[in-house]
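Scroll down for the structure; my scribbles are underneath it.
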Amino acid sequence: MMKLCSDEMMRSYAKKLENQFSANDPASVWKGLKYITNYKTPSPSTEANQQLAEDLNEFYCRFETAGLTPHAPSEHLSIQPLTPPATPLSPPPALRISEDDVRQIFLKQKKRKAPGPDGVTPVCLRTCADQLAFIFSQIFNRSLELCEVPACFKRSTIIPIPKKPKITGLNDYRPVALTSVVMKSFERLVLAYLKNITGPLLDPLQFAYRANRSVDDAVNMGLHFILQHLDKSGTYVRLLFVDFSSAFNTIIPTLLQTKLTQLSVPSSICQWITSFLTDRHQLVKLGKFKSNSRTTSTGAPQGCVLSPLLFSLYTNDCTSTDPSIKLLKFADDTTVIGLIQDGDESAYRQEIEQLAAWCSRNNLELNTLKTVEMIVDFRRNTPALPPLTIMNSTVPTVASFRFLGTTISQDLKWDTHIDATIKKAQQRLYFLRQLRKFNLPQELLIHFYSAVIESVLCTSITVWFGSATKSDMRRLQRTVRTAERIIGAPLPTLQELYTSRVRKRALKITLDPSHPGHILFDLLPSGRRYRAAKTRTARHKNSFFPQAIYLLNS
Numbered sequence: 324m325m326k327l328c329s330d331e332m333m334r335s336y337a338k339k340l341e342n343q344f345s346a347n348d349p350a351s352v353w354k355g356l357k358y359i360t361n362y363k364t365p366s367p368s369t370e371a372n373q374q375l376a377e378d379l380n381e382f383y384c385r386f387e388t389a390g391l392t393p394h395a396p397s398e399h400l401s402i403q404p405l406t407p408p409a410t411p412l413s414p415p416p417a418l419r420i421s422e423d424d425v426r427q428i429f430l431k432q433k434k435r436k437a438p439g440p441d442g443v444t445p446v447c448l449r450t451c452a453d454q455l456a457f458i459f460s461q462i463f464n465r466s467l468e469l470c471e472v473p474a475c476f477k478r479s480t481i482i483p484i485p486k487k488p489k490i491t492g493l494n495d496y497r498p499v500a501l502t503s504v505v506m507k508s509f510e511r512l513v514l515a516y517l518k519n520i521t522g523p524l525l526d527p528l529q530f531a532y533r534a535n536r537s538v539d540d541a542v543n544m545g546l547h548f549i550l551q552h553l554d555k556s557g558t559y560v561r562l563l564f565v566d567f568s569s570a571f572n573t574i575i576p577t578l579l580q581t582k583l584t585q586l587s588v589p590s591s592i593c594q595w596i597t598s599f600l601t602d603r604h605q606l607v608k609l610g611k612f613k614s615n616s617r618t619t620s621t622g623a624p625q626g627c628v629l630s631p632l633l634f635s636l637y638t639n640d641c642t643s644t645d646p647s648i649k650l651l652k653f654a655d656d657t658t659v660i661g662l663i664q665d666g667d668e669s670a671y672r673q674e675i676e677q678l679a680a681w682c683s684r685n686n687l688e689l690n691t692l693k694t695v696e697m698i699v700d701f702r703r704n705t706p707a708l709p710p711l712t713i714m715n716s717t718v719p720t721v722a723s724f725r726f727l728g729t730t731i732s733q734d735l736k737w738d739t740h741i742d743a744t745i746k747k748a749q750q751r752l753y754f755l756r757q758l759r760k761f762n763l764p765q766e767l768l769i770h771f772y773s774a775v776i777e778s779v780l781c782t783s784i785t786v787w788f789g790s791a792t793k794s795d796m797r798r799l800q801r802t803v804r805t806a807e808r809i810i811g812a813p814l815p816t817l818q819e820l821y822t823s824r825v826r827k828r829a830l831k832i833t834l835d836p837s838h839p840g841h842i843l844f845d846l847l848p849s850g851r852r853y854r855a856a857k858t859r860t861a862r863h864k865n866s867f868f869p870q871a872i873y874l875l876n877s
């Protein structure tokens, strides 16, 4: 009897979902789909107590530079860049925020976002945007004129998020800051202004938080450097995957201010940003426990809108001028690619020494325990290569590494990554089968498949699918065919999705001269086709850029 009631309730809920789908209410539909399938993202459990909250707050403030004030740089820190600063542009216009700017940014608030320490909710700003726009435009402009951020806008509640299921220490928690929703709106307006000024001066190999850049672009660009180099005889590649300890928390505001000045950011905005980063009050909330408040003037809180860009600008002068060294960056993920010819590693090792020295000068802490190296070497007679040492610590070598979400192996094959992808997608087929039992319309089942299963199969597909073996391609496609049988409708093949995504991405790169891959698309005099990429090996030919050129010419 209870089972019949439960089934009836689920059928009723399924009917409700159909109505929501017809009414174009995707948020409610997705919530309902997760409820029916019991699809939940597992969250690690942790034991909360007052002492742990206090310990975490102290831990997050450990990079605080003693005695450092906003206008007094620490003597042991240097502002010398790894490479000379970019040539300054003409002075940009001053930032002035209009009432309409504030209204539009308030109207874009996401209702489900949590409020900050001041208790102001996104719903409040969105609902009362017309009434609040004028007064907050006045407050924002006054803040910019005084080069000072109000103290109430600089309060943070730090929520520690476990990085892994089993917690072994304080470093296993990622600090995410809940800050004022009003201040986040203010930050977005400043962010747009900063991007407009600094965009042309940013390191082209920094792929994070920039228009027309993605994780896939970073990986594809790195693979291009590697594969193009390995097409030559007597070559191999050493990749150093650098790990920083709490990178965002180590920014020194006074150093950042100097770097921003070199990037043509107006002095008033530089001072405003220094005010934004100094004298911040934070406490840690762990379950029902709250720590005492601490004041910090070092770092940019994770969770603030400006923090990612500020870190990118802080590390913008960390580049390489040696053509045999590529320093690839995605926010705080940094990879040094050493293109070695005839066994000469001097430039690579010198670059690593300079990087370590630059980090020391700029208050960034290299985590030598998590920094690893991978060697890609296809020479027939491979001699034993000397290990790399950083700050008296030998860097361990690995056979594979999860590079920006994609597992890359030293043989440049994708078996490990594809195995993990198939396993994850097949596990999610269970939820699709659960939905099918309730006779939901095919449109809803396809919607769920696209969001939960296809998204897994297509993660970074432009990076690896072209180089996958025929056997792996068939294994991947079997997962799609299983989903087709469950849904009872045809679905796009992975080959079709790969082709369309490569072509679409390539077109965007050809239209962006600032993209580091733009130069690889060389238009022939006819103006209709691109010059084919020169490749000597199948692994290079099947990689993104040669395939992109081929598809655009097709």
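Here the sequence shown stands for residues 324 to 877, numbered as in the numbering used here. From the three backbone atoms N, C-alpha and C, an ideal C-beta is built for every residue, glycine too. Nothing here was measured: the structure is a model prediction, and the numbers come from that model.
> What does a CB cutoff of less than 6 Å around Val499 pick up in its chain, not counting 5 residues either side in sequence?
Replying inline: Taking Val499 as the centre and dropping the five residues before and after it, the same chain places the C-beta of Ile482, Ile484, Gln625, Gly626 closer than 6 Å to its C-beta, in chain order.
> What span of residues does the beta strand (DSSP E) with Val560 cover, start to end?
Replying inline: 558–565 is the span of the beta strand (DSSP E), which, as asked, contains Val560.
> Apart from the five residues just before and just after Ile663, which ones in its own chain have a Cβ nearer than 7 Å to its Cβ?
Replying inline: Excluding sequence neighbours, Ile663 sits near Thr558, Tyr559, Val560, Arg561, Tyr671.
> Can you name the start and end residues of the alpha helix (DSSP H) that Pro869 belongs to?
Replying inline: Residues 867–876.
> With Leu814 and Leu799 assumed to form a contact (beta carbons below 8 Å), what rounded beta-carbon distance in angstroms separates them?
Replying inline: Contact annotation, Leu814 with Leu799: C-beta distance approximately 13 Å; criterion of less than 8 Å not satisfied.
> What number of angstroms, rounded off, separates the C-alpha of Asp761 from the C-alpha of Cys781?
Replying inline: According to the sequence provided, residue 761 is Phe. The question's Asp does not apply to it. The alpha-carbon atoms of Phe761 and Cys781 are separated by roughly 27 Å.
> Is there contact between the stretch 537–550 and the stretch 833–841, where contact requires at least three CB pairs shorter than 8 Å?
Replying inline: A contact exists between the stretch 537–550 and the stretch 833–841.
>> Between which residues of its own chain and Gln529 is the CB-CB distance below 6 Å, once the five residues before and five after are set aside?
In response: Sequence-distant Cβ neighbours of Gln529 in its own chain, meaning closer than 6 Å and more than five residues away, are Ser635, Lys652.
> Does the beta-carbon distance from Ile776 to Leu752 come in below 8 Å?
Replying inline: In contact: Ile776 and Leu752 (Cβ atoms closer than 8 Å).
> When the distance is taken between beta carbons, is Tyr532 closer than 8 Å to Pro631?
Replying inline: A contact, by the Cβ cut-off of 8 Å.
> For Ser723, which three-state DSSP category applies?
Replying inline: Note: Ser723 maps to strand in three-state DSSP.
>> According to DSSP, simplified to helix, strand and coil, what is Leu604?
In response: Going by the sequence as given, residue 604 is His instead of Leu. Shown here, His604 sits in a strand according to DSSP, grouped into three states.
>> For Gln664, report the span of its beta strand (DSSP E) as first-last.
In response: Per DSSP, Gln664 belongs to the beta strand (DSSP E) from 656–664.
>> Counting C-beta neighbours from all protein chains within 10 Å, is the total for Ala570 16 or more, i.e. buried, or is it exposed?
In response: The residue is buried, with at least 16 neighbouring Cβ atoms inside 10 Å.
> Per DSSP, what kind of secondary structure is Asp423 in: helix, strand or coil?
Replying inline: Three-state result, Asp423: helix.
> Which partner residues does Leu846 have in the DSSP bridge list?
Replying inline: Under the DSSP definition of a beta bridge, Leu846 partners with Tyr853.
> Counting pairs of Cβ atoms below 8 Å between the stretch 464–480 and the stretch 590–608, do you hit three or more?
Replying inline: When C-beta atoms of the stretch 464–480 are compared with those of the stretch 590–608, three or more pairs fall below 8 Å, so the two segments count as touching.
> Would DSSP call Glu807 helix, strand or coil?
Replying inline: In the structure shown, Glu807 adopts helical secondary structure according to DSSP, grouped into three states.
>> What would DSSP say about Gly390, mapped onto helix, strand or coil?
In response: Any reading at Gly390 needs caution, since the residue's pLDDT is 40, under 50, leaving its predicted position unreliable; the model's value is listed next. Three-state DSSP puts Gly390 in coil, outside helix and strand.
> alpha helix (DSSP H) containing Leu752: first to last residue?
Replying inline: That run of the alpha helix (DSSP H) goes 738–759.
> Taking the C-alpha atoms as reference points, what is the distance between Val721 and Val443?
Replying inline: For the pair Val721 and Val443, the Cα-to-Cα distance works out to about 48 Å.
>> Rounded to the nearest angstrom, what separates Ala812 and Gln765 at their Cα positions?
In response: If you take the alpha carbons of Ala812 and Gln765, they lie about 7 Å apart.
> According to DSSP, which residues form a beta bridge with Asp667?
Replying inline: Paired residue(s): Gln664.
> Which of the three DSSP states, helix, strand or coil, is assigned to Val903?
Replying inline: With the chain represented from 324 up to 877, any question about residue 903 goes unanswered, as that position is not in the structure.
>> Considering only the alpha carbon of each residue, which of Pro416, Leu708, Arg702 lies closest to Ser590?
In response: Per the Cα distances, Pro416.
> So, is Leu405 buried or exposed, given that buried needs 16 or more other C-beta atoms within 10 angstroms?
Replying inline: Because the pLDDT at Leu405 is just 49, under 50, the model does not fix this residue reliably, and the value given afterwards should be weighed accordingly. Residue environment for Leu405: buried (at least 16 other C-beta atoms within 10 angstroms of its C-beta).
> Expressed to the nearest angstrom, what Euclidean distance is found between the alpha-carbon atoms of Val786 and Ser508?
Replying inline: One Cα belongs to Val786, the other to Ser508, and the distance between them is close to 35 Å.
>> Let me confirm a value: Lys307 is counted as buried when at least 16 other C-beta atoms fall within 10 Å, else exposed. Which label applies?
In response: With the chain covering 324 to 877 only, the question about residue 307 has no answer from this structure.
>> Taking the straight line between their C-alpha atoms, what separation do you get for Leu600 and Ile428?
In response: Leu600 and Ile428 have their C-alpha atoms roughly 22 Å apart.
> Got a sec: is the Cβ-Cβ distance from Ile596 to anything in chain D below 8 Å?
Replying inline: In the structure shown, chain D does not exist; there is a single protein chain.
> Between the Cα of Pro646 and the Cα atoms of Asp566, Thr491, Glu674, which residue gives the shortest distance?
Replying inline: The candidate whose alpha carbon is nearest that of Pro646 is Glu674.
>> So Ala829 and Ala871 are supposed to be a Cβ contact under 8 Å. How far apart are they, rounded?
In response: Their Cβ separation, rounded to whole angstroms, is 4 Å, which keeps Ala829 and Ala871 in contact under 8 Å.
> Which first and last residues belong to the beta strand (DSSP E) in which Val699 is found?
Replying inline: Run containing Val699: 695–699, per the beta strand (DSSP E) assignment.
>> Please list the terminal residues of the continuous alpha helix (DSSP H) segment that includes Ser460.
In response: First-last of the alpha helix (DSSP H) with Ser460: 452–469.
> Among residues of its own chain, excluding the 5 on either side of Ser794, which ones have a beta-carbon nearer than 8 Å to its beta-carbon?
Replying inline: No residues qualify anywhere along the chain.
>> Give me the residue from Ile462, Lys431, Asn464, Pro438 with the minimum Cα distance to Arg449.
In response: Arg449 has its Cα closest to that of Lys431, out of Ile462, Lys431, Asn464, Pro438.
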